[in-house]
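Data first, discussion second: the structure below is written as structure tokens.
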Amino acid sequence: MLTLDSFAEDLGTYLEPSQVDQVVKAYNFASDAHAGQKRKSGEPYITH
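For the working numbering, count along the sequence shown from 1 and bump the result up by 47.
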């Protein structure tokens, strides 16, 4: 499974650091907003 850290590291190969920070902040915002939510299938709402 891809971790946020490894994803951010991969993004850093073609994005500026400030852009990577924006992606990480957006992921954390979405993760917090959907904490505890599940899809109809039972899987967590945020999976990647």
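By construction, the Cβ of each residue, glycine as well, lies at the ideal position given by its N, Cα and C atoms. This structure is a prediction, so every number in the text was calculated from the model and none was measured.
**OP:** Whole angstroms is fine: what's the gap from A55's alpha carbon to E90's?
**Re:** One Cα belongs to A55, the other to E90, and the distance between them is close to 23 Å.
Original post:
Whose C-beta lies closer than 6 Å to the C-beta of G59 among residues of the same chain, with five residues either side of it excluded?
Top reply: Its chain contains V67 as the residues whose beta carbon lies nearer than 6 Å to that of G59, once the 5 sequence neighbours on both sides are disregarded; these appear in chain order.
**OP:** Using the Cα positions of V71 and T94, report the straight-line distance between them to the nearest angstrom.
**Re:** Near 14 Å, if we compare the C-alpha coordinates of T94 and V71.
Subject >> Three-state secondary structure assigned by DSSP to K72 >> reply: Residue state, collapsed to three classes: helix.
Original post:
According to the Cβ coordinates, are Y92 and Q84 closer than 9 Å?
Top reply: Between Y92 and Q84, the C-beta gap is smaller than 9 Å, which places the two residues in contact.
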